[in-house]
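Residue numbers (this note's numbering): 50 to 351.
Where is the CB? At the ideal position from N, CA and C, for every residue including glycine.
This is how it looks when you write it as structure tokens:
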């Protein structure tokens, strides 16, 4: 009887210790275990962070340092209209981030001005609180990587999510089925993206060379449109046929006037006095004096 009581007491103690551990652990995870992501000025001016946070892929606390907002305010008061417009756009992005539903966005009070510079202040905050930095600044990205700080670069995210092939690029693609229209052929990229090839329904089951012309991104996925490329042999064949059948144009040869037999090479007085029916006389270009004489004669006749 005593042994049973001891076993029950032992089991109760184990259960109590487990419950105590869970109760002590849950509040700590809810309050202090969430990583902070410190946002740079360049990211706020860029503005692409809004759809990234709205998509729900970032679970960290978005911390906007007060020194970053102070830098935006300083740029908004600048005399340069371009810098002023960009800074005001960054302040509008801060407002949009605060209004996002389900996003944990807070203003981190670190002072309205960073004496050592905003970039250096971000590095110190990330080290002190064990957080990450969100930036598109190339130099800040490199320095943070050297310091061992996690960097979330919006440019790298956009590069990794872009289309595998852009309009104008070419590749060899296997067509596996017909498309929705009777003249279309359909193939697939290695990542599963559907490619619709125009006027290629007759090449289903073959590998053809295509050129991408446009892409379409929707919530359901992405697809690309391409056109079939003509082979180089098909392009050269009509040209060769035209060359073979084209008539050869021969330049007319200039026939030299034949000299009558018995004539001398140099003109003589007898040759100049030939009759008009025997041989045509060479035309002599009228000189300026001849023109004046002809005009005077015409005036006298009138």
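Assign residue i to one of two classes, buried (16 or more other C-beta atoms within 10 Å of its C-beta) or exposed (fewer than that).
{"i": "residue 146", "result": "buried"}
{"i": "residue 114", "result": "buried"}
{"i": "residue 65", "result": "exposed"}
{"i": "residue 123", "result": "exposed"}
{"i": "residue 231", "result": "exposed"}
{"i": "residue 92", "result": "buried"}
{"i": "residue 256", "result": "exposed"}
{"i": "residue 98", "result": "buried"}
{"i": "residue 221", "result": "exposed"}
{"i": "residue 62", "result": "exposed"}
{"i": "residue 225", "result": "exposed"}
{"i": "residue 58", "result": "exposed"}
{"i": "residue 127", "result": "exposed"}
{"i": "residue 188", "result": "exposed"}
{"i": "residue 180", "result": "buried"}
{"i": "residue 120", "result": "buried"}
{"i": "residue 240", "result": "exposed"}
{"i": "residue 150", "result": "exposed"}
{"i": "residue 90", "result": "buried"}
{"i": "residue 129", "result": "exposed"}
{"i": "residue 55", "result": "exposed"}
{"i": "residue 131", "result": "exposed"}
Need the endpoints of the beta strand (DSSP E) that residue i sits in, please.
{"i": "residue 270", "result": "270–277"}
{"i": "residue 157", "result": "154–157"}
{"i": "residue 237", "result": "234–237"}
{"i": "residue 253", "result": "Unbroken run through residue 253: none, as it is neither H nor E."}
{"i": "residue 198", "result": "From DSSP, residue 198 is part of no beta strand (DSSP E); its letter is neither H nor E."}
{"i": "residue 181", "result": "181–184"}
{"i": "residue 247", "result": "243–247"}
So, helix, strand or coil for residue i, using DSSP?
{"i": "residue 162", "result": "coil"}
{"i": "residue 149", "result": "coil"}
{"i": "residue 227", "result": "strand"}
{"i": "residue 112", "result": "strand"}
{"i": "residue 208", "result": "helix"}
{"i": "residue 106", "result": "coil"}
{"i": "residue 319", "result": "Because the pLDDT of residue 319 is 45, which lies under 50, any placement of that residue in the model is unreliable, and the number read from its coordinates should be weighed accordingly. The answer is helix: DSSP assigns residue 319 an H, G or I state."}
{"i": "residue 218", "result": "coil"}
{"i": "residue 84", "result": "coil"}
{"i": "residue 127", "result": "coil"}
{"i": "residue 54", "result": "helix"}
{"i": "residue 74", "result": "Here the model assigns residue 74 a pLDDT of 47, short of 50, so the residue's position is not dependable, and the following value carries that caveat. Residue state, collapsed to three classes: helix."}
Along the alpha helix (DSSP H) that carries residue i, what are the first and last residues, could you check?
{"i": "residue 92", "result": "90–95"}
{"i": "residue 168", "result": "167–178"}
Can a CB atom of chain C be found closer than 9 Å to the CB of residue i?
{"i": "residue 92", "result": "Protein chain content of the structure displayed is limited to a single chain, and chain C is not contained in it."}
*Any chance the region 260–268 sits against the region 214–223, with 3 or more Cβ pairs inside 8 Å?*
yes
*Do the region 100–115 and the region 138–156 meet, that is, are 3 or more Cβ pairs less than 8 Å apart?*
yes
*Flag this pair as touching only if the region 195–204 and the region 177–185 have three or more C-beta atom pairs under 8 Å; answer yes or no.*
Contact annotation: the region 195–204 touches the region 177–185, with at least three C-beta pairs closer than 8 Å.
_Segment contact flag, the region 163–179 with the region 191–198, C-beta cutoff 8 Å, min 3 pairs_ = Because the criterion of three Cβ pairs below 8 Å is met, the region 163–179 and the region 191–198 touch.
*Are the region 100–110 and the region 123–138 touching by the rule of at least three beta carbon pairs closer than 8 Å?*
no
*Determine, using beta-carbon pairs with one atom in the region 265–277 and one in the region 230–244, whether at least three such pairs fall under 8 Å.*
yes
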